[in-house]
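Residues in the sequence shown are numbered consecutively from 51, following the working numbering.
Note that the Cβ used here is the ideal one computed from N, Cα and C, for glycine as well.
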Amino acid sequence: MQKIIATVQLNSLFSEISKELGFTDEILKQYEDNIFDLLIQWENQGYVEIYENDSERKIGRLKDSNSVVGSSPWYIDLFHARISENNDPLLVLRRDDEFSFSVRFLANHNQLFGSKTEKNQPDLMRKIRMLIDSYIQKGN
Numbered sequence: 051m052q053k054i055i056a057t058v059q060l061n062s063l064f065s066e067i068s069k070e071l072g073f074t075d076e077i078l079k080q081y082e083d084n085i086f087d088l089l090i091q092w093e094n095q096g097y098v099e100i101y102e103n104d105s106e107r108k109i110g111r112l113k114d115s116n117s118v119v120g121s122s123p124w125y126i127d128l129f130h131a132r133i134s135e136n137n138d139p140l141l142v143l144r145r146d147d148e149f150s151f152s153v154r155f156l157a158n159h160n161q162l163f164g165s166k167t168e169k170n171q172p173d174l175m176r177k178i179r180m181l182i183d184s185y186i187q188k189g190n
């Protein structure tokens, strides 16, 4: 596991993009405390933790989303974190520079990484990754 000294800020388009991905105001409200608790945690500790092995997975730890063949260039500097004990939703973050991350939106695993069936279809996975990248670019 790696610790990176960094600040983490909520992107101004977080709610708008999350809504485009199907997260209603009610759903966003449901996870609001979880999200702000993580922002406070990261601010207080002054760093984020990045894990690679599932055995190190924990709420608030980040995982590099650019970790499988075919995810580049769309998922370079893209990370995700669990915000609850549930698998979904995930908090999607972008590493903006060496010392800062921005929280971009909520997404489900299938929206980011495709369903089990979709994972075996390179053309479809490229479209999924390009769509996610378009949301990242929108927030830049």
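query: Whole beta strand (DSSP E) runs in the stretch 113–153 with 3 or more residues, listed along the chain?; result: 128–132, 140–147
query: How close, in whole Å, do the beta carbons of I133 and L63 come, if the pair is a contact with beta carbons under 8 Å?; result: In fact, because the Cβ distance is near 18 Å, the residues do not count as touching under 8 Å.
query: Which partner residues does A157 have in the DSSP bridge list?; result: L140
query: Write down every uninterrupted run of the beta strand (DSSP E) in the stretch 57–107 whose length is 3 residues or greater and which is fully enclosed by it, in chain order.; result: 57–60, 97–101
query: Could you tell me which residues DSSP puts in a beta bridge with I54?; result: V98
query: Can you tell which of F149, E106, A157 has its C-alpha closest to the C-alpha of A56?; result: F149
query: Going by other Cβ atoms of all chains shown within 10 Å of its Cβ, with 16 needed for buried, is H159 buried or exposed?; result: exposed
query: Here's the rule: buried if 16 or more other CB atoms are within 10 angstroms of the residue's CB, otherwise exposed. What is M175?; result: buried
query: Quick test of your reading: E99 and K53, contact by CB under 8 Å. State the CB separation rounded to the nearest angstrom.; result: 6 Å
query: Check whether the stretch 103–113 touches the stretch 127–142, taking contact to mean three or more Cβ pairs, one atom from each stretch, closer than 8 Å.; result: yes
query: List the whole-angstrom C-beta distance separating L156 from L71, where the pair is believed to meet the contact cut-off of C-beta under 8 Å.; result: 7 Å
query: Under a Cβ-count criterion, where at least 16 other Cβ atoms within 10 Å of its own Cβ denotes burial, should F163 be classed as buried or exposed?; result: buried
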